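Participant: At position 15 of the sequence shown (counting the first as 1) the number is 14 in this note's numbering, and the numbers step up by one without a gap.
Virtual Cβ for every residue (Gly too), placed ideally from N, Cα, C.
Computed from a predicted structure; not experimentally measured.
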Amino acid sequence: MQQINGTWHMWAVMMANHCGISSYLMNSGVVHAVSSAGVAGPYELQDSVLPPFAHEPDVCRAPTGELVMIAVADSTLGGYSSCTCESGATLPSCVTCNNSCMPAAKPTLAIASDAAGPWKVEPIWADGHGENPSIWITKNGSVWGMSRGGNIACYASDWSDLSTWTHGAPHGAKTSLSGSPDAEDPFIYQDDDDHFHALLHNLEGPHMCGRQPDCMVGTHAFSEDGLQWQYGGLAYTNNVALTDGGALLLNRRERPHLVFHEGTRKPAALSNSAEVGGPFGDRSFTLVQPVVSAQMK
Numbered sequence: 000m001q002q003i004n005g006t007w008h009m010w011a012v013m014m015a016n017h018c019g020i021s022s023y024l025m026n027s028g029v030v031h032a033v034s035s036a037g038v039a040g041p042y043e044l045q046d047s048v049l050p051p052f053a054h055e056p057d058v059c060r061a062p063t064g065e066l067v068m069i070a071v072a073d074s075t076l077g078g079y080s081s082c083t084c085e086s087g088a089t090l091p092s093c094v095t096c097n098n099s100c101m102p103a104a105k106p107t108l109a110i111a112s113d114a115a116g117p118w119k120v121e122p123i124w125a126d127g128h129g130e131n132p133s134i135w136i137t138k139n140g141s142v143w144g145m146s147r148g149g150n151i152a153c154y155a156s157d158w159s160d161l162s163t164w165t166h167g168a169p170h171g172a173k174t175s176l177s178g179s180p181d182a183e184d185p186f187i188y189q190d191d192d193d194h195f196h197a198l199l200h201n202l203e204g205p206h207m208c209g210r211q212p213d214c215m216v217g218t219h220a221f222s223e224d225g226l227q228w229q230y231g232g233l234a235y236t237n238n239v240a241l242t243d244g245g246a247l248l249l250n251r252r253e254r255p256h257l258v259f260h261e262g263t264r265k266p267a268a269l270s271n272s273a274e275v276g277g278p279f280g281d282r283s284f285t286l287v288q289p290v291v292s293a294q295m296k
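#1: Per DSSP, which residues does residue 46 bridge with? Please list them.
#2: Near residue 119, which residues of its chain fall below 6 Å by C-beta distance, leaving aside the five closest residues on each side in sequence?
#3: Is it the case that the Cβ atoms of residue 108 and residue 68 are separated by a distance below 8 Å?
#4: My output table needs one value for residue 298: the three-state DSSP class, helix, strand or coil.
#5: For residue 176, which option in 26, 219, 290 and 138 has the closest C-alpha, if you only look at C-alpha atoms?
#6: Residue ranges of each beta strand (DSSP E) run of no fewer than 3 residues wholly in the segment 137-188, ordered along the chain?
#7: Are the beta-carbon atoms belonging to residue 142 and residue 155 less than 8 Å from one another?
#8: Can you grab the Cα-Cα spacing for the pair residue 9 / residue 161, in whole Å?
#9: From what residue to what residue does the beta strand (DSSP E) around residue 233 run?
#10: Please state whether DSSP places residue 123 in a helix, a strand or coil.
#11: Let me know if residue 229 comes out buried or exposed under the rule of 16 or more other beta-carbons within 10 Å of its beta-carbon.
#12: Taking the alpha helix (DSSP H) that residue 238 belongs to, which residues open and close that run?
#13: Please return the same chain residues whose Cβ sits closer than 8 Å to the Cβ of residue 283, not counting the five positions on each side in sequence.
#14: Can you tell me where the beta strand (DSSP E) with residue 13 in it begins and where it stops?
#15: Can you give the Cα-Cα distance for residue 3 and residue 32, rounded to whole angstroms?
#16: What are the boundary residues of the alpha helix (DSSP H) that residue 340 is part of?
#17: Quick one: what does DSSP say residue 278 is sitting in, helix, strand or coil?
#18: Between residue 223 and residue 135, what straight-line distance do the alpha-carbon atoms span, to the nearest angstrom?
#19: Tell me which same chain residues have a C-beta within less than 8 Å of the C-beta of residue 241, skipping the five on either side of it?
#20: DSSP three-state call for residue 17: helix, strand or coil?
#21: Leaving out five residues on either side along the sequence, give the residues of the same chain with a beta carbon under 7 Å from the beta carbon of residue 289.
#22: Just the C-alpha distance for residue 78 and residue 58, rounded to the nearest angstrom, thanks.
#23: Excluding five sequence neighbours on each side, which residues of the same chain lie with their C-beta closer than 8 Å to the C-beta of residue 43?
#24: Around the Cβ of residue 233, are there at least 16 other Cβ atoms within 10 angstroms (buried) or fewer (exposed)?
#25: Does the distance from the CB of residue 123 to the CB of residue 158 come in under 8 Å?
#26: Would the beta-carbon of residue 226 fall within 8 Å of that of residue 172?
#27: Is residue 254 closer than 8 Å to residue 191 when the C-beta atoms are compared?
If you want it as C-alpha cells, here you go:
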C-alpha cells in the first residue's frame, strides 16, 4: 500500500470467482483499489494488475518516484482450471491445487510511473527461486530483498538496472536468520536511521489459530546493516482491537505489511491477509489496522 498525493492505494490479492484462500494457486490475482477516506478505507476496486496466477504483491517507491512491485507470478497453471465458488469460501466440490503442485515461484517485477498504470512486467530471473518476496529500495536506489525464512534473497546496486539484480546478499554474505522461530511472509523496511527491520509471520505456533486469543502470529527482526539479523520478539497477535471496544479473533493472520505516511517512514497502518475461519471456512480478506503511535527505531 502507498499514499500518493493524499490518496491511499492498495495492491492486494483477490481470489477470482468468489473463492477462498485454499484455491489461491488457481484463482489468485493482483488488483488495485483506492481509498480517499483514509488508510482504513473503505477501498474501491479500480483494476486488475496481474491475472492468475499472481500472488504475494509487495509495492514500494523508488527514489525517483516509480512504483515497483515484486510478486510471484506464472500464467501456466499446470492444467488446473480456476474454481468457481460462492460466498467467498472454497466449495468442497472444487478440486484445489495445494503446494505440492505449485508452479515454480517466479519473482516478477512490475514497474509503473503512475498508480493507475500501465505496468511494465519484468521477470527478474528464470530459475524460480524467491518464495514470499519483499523488497526495499534505499535512498541511493539499491535494493534489498527478503524471502521465506528471513533470508536476504536478492540485492541490486541499482533497482532500475536488472543486470545488477542478484540472488542473495551483496558479496555472497551469509545473512539468514536463526531457524527458530521458523517464519515466512517477510516485509523488509528501514527506519529513519536507515536501520533495517522486518515483520514476519511466525510459524512456531499453530498455522491456524482456531480463533483462540493471543496466538503469537507476528514477529519482528532487525539489523543495523542488512547483513547481521536478530529477532526482536512479538510484533502482533491474532487478536484485533475494534473501534467499538470489541475484538476480532482471527484463525489466520499472515503476510504483514507496514503502510507508511506519504514521504515518510512513519507507519500509518499494518495490513495482513486474514481469515476468521469457523463457519466462514477459508474466506479471506485484507485487514488494515491503523497504527495510533509507534517508535520504529
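Facilitator: In short:
#1: 31
#2: 110
#3: yes
#4: Residue 298 falls outside the range modelled here, since the chain spans only 0 to 296, and no answer is possible.
#5: 219
#6: 142-146 and 150-155
#7: yes
#8: 25 Å
#9: 229-235
#10: coil
#11: exposed
#12: Looking at the DSSP string, residue 238 is not in any alpha helix (DSSP H); the run it does join, the beta strand (DSSP E), is 238-240.
#13: 14, 19, 20, 87, 251, 272, 273 and 274
#14: 6-14
#15: 13 Å
#16: A query on residue 340 cannot be resolved here, the shown segment of the chain reaching from 0 to 296 and no further.
#17: helix
#18: 15 Å
#19: 247
#20: helix
#21: 38, 39, 267 and 268
#22: Per-residue confidence for residue 78 stands at a pLDDT of 49, beneath the threshold of 50, marking its modelled position as unreliable; the derived number appears in the next sentence. In a straight line, the C-alpha of residue 78 is about 30 Å away from that of residue 58.
#23: 32, 33 and 34
#24: exposed
#25: no
#26: yes
#27: no
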